[in-house]
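No gaps in the numbering here: position 360 of the sequence shown is 362 in this note's numbering, and each next residue is one more.
Glycine included, each C-beta is placed from N, C-alpha and C at the ideal position.
The block underneath contains the structure these notes are about, expressed in structure tokens.
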Amino acid sequence: MRGTALVVSYSHRNTRCQGRCERGCVMVGSRNAGRVGRYGLAWEFEFRVWELRGQGLSIEEIASTVEKSATWVSRIISRRGGMPPRRIPPGSRARKGQHLTISDREAILAGLAAGYSMRTIAASLGVSPSTISREVARNRDRRLVGAGVDYSPARAQLKAVHRRHRTRPCKLATNARLRDWVQEKLSQQRWSPKLIALMLVEEFPDDVSMRVSHETIYQALYVQAKGGLRRELTTYLRTRRKQRKSRSSTERRGRISDMVNIADRPFDPDDRSVPGHWEGDEIIGKDHKSALVTVVERQTRYAVIIRLPDGHGPEPVARVIAERFGEFPTRMRKSLTWDQGVEMGQHKQITAATKMDVYFCDPHSPWQRGTNENTNGLIRGFFPKGTDFRDVTDEEVAHVEYLINTRPRPTLELQTPADMFEKLLMR
3 MRGTALVVSY SHRNTRCQGR CERGCVMVGS RNAGRVGRYG LAWEFEFRVW
53 ELRGQGLSIE EIASTVEKSA TWVSRIISRR GGMPPRRIPP GSRARKGQHL
103 TISDREAILA GLAAGYSMRT IAASLGVSPS TISREVARNR DRRLVGAGVD
153 YSPARAQLKA VHRRHRTRPC KLATNARLRD WVQEKLSQQR WSPKLIALML
203 VEEFPDDVSM RVSHETIYQA LYVQAKGGLR RELTTYLRTR RKQRKSRSST
253 ERRGRISDMV NIADRPFDPD DRSVPGHWEG DEIIGKDHKS ALVTVVERQT
303 RYAVIIRLPD GHGPEPVARV IAERFGEFPT RMRKSLTWDQ GVEMGQHKQI
353 TAATKMDVYF CDPHSPWQRG TNENTNGLIR GFFPKGTDFR DVTDEEVAHV
403 EYLINTRPRP TLELQTPADM FEKLLMR
């Protein structure tokens, strides 16, 4: 194979060798040989787009880097619902079986042009001879018969990728009963796709047709080519985003006197064996005029939600926490963990009224009160950003609190926070 050079045309009109030249080169491909469209050699451009996207570049910056239009880049990202594809390194056998890569196919062409047998080519690539013979037989290009070798690697790669994309229809598109059940839980119960996937097993233990993964639900929502679910159902997800992307958090900061750091808390962050330890924060309303105080018990995930329609400074926050937590027994009021927001300026008054020790997270560390962060995400599903809580009634807030506390949780083995909290109160 070493004696023959391979020249592949990508239709850029810059290939100098034509056919078999005097230097022994073999010209492969024909008009538009390299232009294999969205499923062909353009995948390298797509992977480069996702690589740059992962580095935080904007669509305009990516377009400039790959020398494509911003519209083209936006279309690539939108087509996959904002989620990058899984990359298979060139020349690898990452897929099950003996799938050939474009490099393999170019090597096959070079071997055929040099006069090597199918068995020799197969041995050099580490595949069976039947793989090579089938590959050559089903990818002959009649337009290349006069060139001596009628096998086209570019055409073969295009056909192979097309075959891989001819997947079966999405299960949610073909199973109406399953689709209706999923849509009901998304729109009416506000369940997450992961919870839906788990509850299907609980509700239909003997019906394997009522099974779907949470990733399939996300794909059906965000990649409309998959079919099955209407895109508008994404408004019932917690984020309400049009495309999937990583979560990020921003935390406001203030200076509070006599803070006790979370490092001095008398239990390990992963220890939830003792009830009565809470995490809290505020959800700010439109124009920072109103807010919700949200406090979550770490062991049971039981949530307390209190509306503050007229200001959300230290005084009203301390007042409503003292009033609400006065309803709970002392054994359920051990500690409260908060961020360093100025609304907790009267933490000493809270401790005096409730007997709860107050601990403060490190700056820019929302994961230190992750239970509360997760619950706030659930609450945002009912009250999206921009909600004016002056226009929301206490009854509406109580209803959302009820829905969240009666929602089965995978972390609780599908028990509800309300049931677990009630059992603790009855001890």
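Across the set Ser-105, Arg-165, Glu-53 and Met-261, the C-alpha of Met-261 shows the shortest separation from the C-alpha of Thr-353. DSSP lists Glu-299 and Leu-338 as the beta-bridge partner residues of Trp-280. Within the DSSP bridge table, the entry for Arg-142 names Tyr-153 as partners. It is roughly 55 Å from the alpha-carbon of Ala-65 to the alpha-carbon of Phe-327.
Taken through DSSP and simplified to helix, strand or coil, Asn-374 comes out as helix.
Distance between Arg-411 and Arg-335, taken at the CA atoms: about 23 Å. Looking at the backbone, the Cα of Thr-302 and that of Gly-379 are separated by about 17 Å.
Within the same chain, and ignoring the five residues on either side of Pro-311 in sequence, the residues whose Cβ sits closer than 7 Å to its Cβ are Ser-292, Phe-391 and Arg-392. For Tyr-361, the beta-bridge partners assigned by DSSP are Thr-339. Scanning its chain for C-beta atoms nearer than 6 Å, with the 5 sequence neighbours on each side dropped, one finds around Thr-373 the residues Glu-281, Val-298 and Arg-300, in chain order. Non-local C-beta neighbours of Ser-215 in its own chain, meaning closer than 7 Å and more than five positions away in sequence, comprise Ala-199, ordered along the chain. Residue range 305 to 310 is occupied by the beta strand (DSSP E) that includes Val-306, with no alpha helix (DSSP H) assigned at that position.
Beta-bridge annotation (DSSP): Gln-417 is paired with Arg-411. Here the segment 340 to 349 lies against the segment 313 to 326, with 3 or more beta-carbon pairs under 8 Å apart.
With 16 or more other Cβ atoms inside 10 Å of its own Cβ, Ser-154 counts as buried.
The C-alpha of Leu-111 lies about 39 Å from the C-alpha of Thr-218. Here Arg-77 is exposed: its Cβ has fewer than 16 other Cβ atoms, across all protein chains shown, within 10 Å. DSSP places Ile-406 within a helical segment (H, G or I) once states are collapsed to three.
Beta bridge pairing from DSSP links Leu-294 with Ile-285 and Arg-309. By alpha-carbon distance to Ser-259, the top candidate from Val-306, Gly-343 and Tyr-224 is Gly-343. In this structure Asp-341 is in contact with Asp-283, their Cβ atoms being roughly 6 Å apart against a cut-off of 8 Å. Gly-383 is classed as buried because its beta carbon has at least 16 other beta carbons within 10 Å across all chains shown.
Apart from sequence neighbours up to five positions away, the residues of its chain that approach Asn-141 with a beta-carbon distance below 7 Å are Tyr-153, Ser-154, Arg-157, Ala-158 and Lys-161, ordered along the chain. In this structure Ala-400 does not touch Thr-356 by the C-beta definition: roughly 21 Å separates them, more than the 8 Å allowed.
Taking Lys-196 as the centre and dropping the five residues before and after it, the same chain places the C-beta of His-216 closer than 6 Å to its C-beta, in chain order. At a Cβ-Cβ threshold of 8 Å, Thr-332 and Ile-264 do not count as neighbours. Between the C-alpha atoms of Val-68 and Arg-50 there is a straight-line separation of about 8 Å. Spanning the alpha carbons of Arg-309 and Asp-289 requires a straight line of approximately 16 Å.
Straight through space, the alpha carbons of Glu-329 and Gln-190 are spaced by roughly 31 Å. The criterion of a C-beta distance shorter than 8 Å is not satisfied by Thr-408 and Thr-395. A residue is called buried once 16 or more other Cβ atoms fall within 10 Å of its Cβ, and Gly-56, having fewer, is exposed. Under the 10 Å beta carbon count, Arg-371 is surrounded by 16 or more other beta carbons and is classified as buried. Taking the CA atoms as reference points, Ile-104 sits about 51 Å from Gly-388. Using a Cβ distance threshold of 8 Å, Leu-180 and Met-212 count as a contacting pair.
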